[in-house]
Amino acid sequence: MSALPLPWHEDAWVSLNSSIDSGRLPHALLISGDQGIGKLRLATALAQRLMCSAEMVKYACGACKTCNLFTAGSHPDMRYLEPEEKGKAIKIDPVRKLCESLSKTAQQGGWKVAIIAPAEAMNVNAANALLKNLEEPQSKTLLILVSHRPSRLSATIRSRCQKLSMPTPETDIALQWLTGVTNDRSAAEQVLPLAGGRPLLALDYLQSDNLEQRQEFEKLIAAVADGSVSPLAAAQQCHKLDGELSIDWFSRYIHRLATTELADKPNTAIFGFSDKLLLARNWIVSGNNPNLQLLWEELFMDWVMVFKVPR
Numbered sequence: 000m001s002a003l004p005l006p007w008h009e010d011a012w013v014s015l016n017s018s019i020d021s022g023r024l025p026h027a028l029l030i031s032g033d034q035g036i037g038k039l040r041l042a043t044a045l046a047q048r049l050m051c052s053a054e055m056v057k058y059a060c061g062a063c064k065t066c067n068l069f070t071a072g073s074h075p076d077m078r079y080l081e082p083e084e085k086g087k088a089i090k091i092d093p094v095r096k097l098c099e100s101l102s103k104t105a106q107q108g109g110w111k112v113a114i115i116a117p118a119e120a121m122n123v124n125a126a127n128a129l130l131k132n133l134e135e136p137q138s139k140t141l142l143i144l145v146s147h148r149p150s151r152l153s154a155t156i157r158s159r160c161q162k163l164s165m166p167t168p169e170t171d172i173a174l175q176w177l178t179g180v181t182n183d184r185s186a187a188e189q190v191l192p193l194a195g196g197r198p199l200l201a202l203d204y205l206q207s208d209n210l211e212q213r214q215e216f217e218k219l220i221a222a223v224a225d226g227s228v229s230p231l232a233a234a235q236q237c238h239k240l241d242g243e244l245s246i247d248w249f250s251r252y253i254h255r256l257a258t259t260e261l262a263d264k265p266n267t268a269i270f271g272f273s274d275k276l277l278l279a280r281n282w283i284v285s286g287n288n289p290n291l292q293l294l295w296e297e298l299f300m301d302w303v304m305v306f307k308v309p310r
């Protein structure tokens, strides 16, 4: 079976294939965009396209020996690198091993490809170790960095990569794909807006309990705002949640609130609170392991004050 790009990847896929056919594929590619739009899927499809030994046009065949090795996760010239645990940093030793494997001759005689996702999870030492590989690229070697927040990568690393910025797909395309996968248009229409138009995140909501968790979280936010739940009690319920994900939920809740209920009676304090959420998210993703209990306590106390200041 071959990994295929998603429908909204078509323009990027055409461009990548053109680069392959003309021999202009870069040695390093930075694919960036919001989480939940299939950037890793695109990177994987590209990697298999390069590994495929059959004479195919545009896509990997999915049936040759190299495609079978790829699908089984045992292709000797393909490497994935991700955090050992979600939310943790990618450290220097795995990056060194990755660079060492890329410096060797391809065992299958074709391309060597490595995918790092999310690339911004690399700590400083790991990123520095990667730089040597970027500065001394090997022939027929492609390093693909997949990033939700490319601004967190060093300017030096970004400058060594060809950039491919992926937008969130148009609603009609995303809805059509999600409906096809789930066979439930009503559910797709309900969940896609909650996922900010990001189809793979919406699919995750439908296939897991993340949607229920998000809805419970939004109820808690509302309860803190109206005073029925204290900030300390709310923080105790939140400190074990995925910090980055729940901050994203909070931000999108505020956006929805500002454009619906508060559209005719704007509360300027809500914009200042949004800035605090952004700082909190940056702190969480920094890898410094902040105390989430204290972080949520401070955020919820500030959230209460949003509705106590003069409008």
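Per numbering that gives the first Met the number 0, residue 0 is the first one in the sequence shown, and the count goes up by one each step. From the three backbone atoms N, C-alpha and C, an ideal C-beta is built for every residue, glycine too. Remember, it's a predicted structure, so these values are computed and weren't measured experimentally.
Assigned exposure category for residue i - 16 Cβ within 10 Å defines buried
i    : result
K38  : buried
N132 : buried
F69  : buried
Q47  : buried
R310 : Any reading at R310 needs caution, since the residue's pLDDT is 48, under 50, leaving its predicted position unreliable; the model's value is listed next. R310 comes out exposed.
V223 : buried
L278 : exposed
V94  : buried
F216 : buried
S14  : exposed
P149 : buried
P289 : exposed
G179 : exposed
F249 : buried
P168 : buried
V56  : exposed
T65  : buried
T319 : Outside the displayed range of the chain (0 to 310) lies residue 319, so it cannot be described from this structure.
L293 : exposed
Cβ pair residue i, residue j closer than 8 Å
i    : j    : result
I36  : L202 : no
R280 : I246 : yes
L29  : C160 : yes
L24  : S18  : yes
D208 : G86  : no
V113 : R78  : One detail in the question is off: residue 113 reads as Ala in this sequence, not Val. Against a cut-off of 8 Å, the Cβ pair of R78 and A113 comes out as a contact.
I89  : A125 : yes
Own chain, CB closer than 8 Å to residue i, minus 5 neighbours either side, in chain order
i    : result
Y204 : V190, L193, A194, L210 and R213
K275 : L298 and D301
E296 : P230, L231 and A234
Q175 : P6
Simplified DSSP state of residue i, which is helix, strand or coil
i    : result
I114 : strand
R148 : coil
S164 : strand
Y204 : helix
A125 : helix
I89  : strand
L142 : strand
L5   : coil
S229 : coil
M77  : strand
V14  : For clarity, residue 14 is Ser in the given sequence; the question names Val instead. Helix, per DSSP.
S31  : strand
Neighbour flag for residue i against chain B, beta carbons, 8 Å
i    : result
H147 : In the displayed structure, chain B is absent; only one protein chain is listed.
Nearest-angstrom beta carbon gap, residue j and residue i [assumed within contact, 8 Å]
i    : j    : result
L110 : M50  : For clarity, residue 110 is Trp in the given sequence; the question names Leu instead. About 6 Å; that satisfies the 8 Å criterion.
A59  : S21  : The pair is not a contact, with the Cβ atoms about 19 Å apart (cut-off 8 Å).
Q107 : P75  : 7 Å
N266 : V303 : 13 Å between Cβ atoms; not a contact.
Same chain only: Cβ atoms within 6 Å of residue i, ignoring 5 sequence neighbours per side
i    : result
H8   : L41
Q34  : H147
A151 : With the sequence shown as reference, residue 151 is identified as Arg, and Ala is not the correct amino acid for it. Counting only Cβ-Cβ distances below 6 Å, and skipping sequence neighbours, we find E119.
K260 : First, the amino acid is wrong: residue 260 is Glu here, not Lys. Counting only Cβ-Cβ distances below 6 Å, and skipping sequence neighbours, we find nothing.
Own chain residues within Cβ distance below 7 Å of residue i, not counting five before or after
i    : result
S102 : Q137
N127 : none
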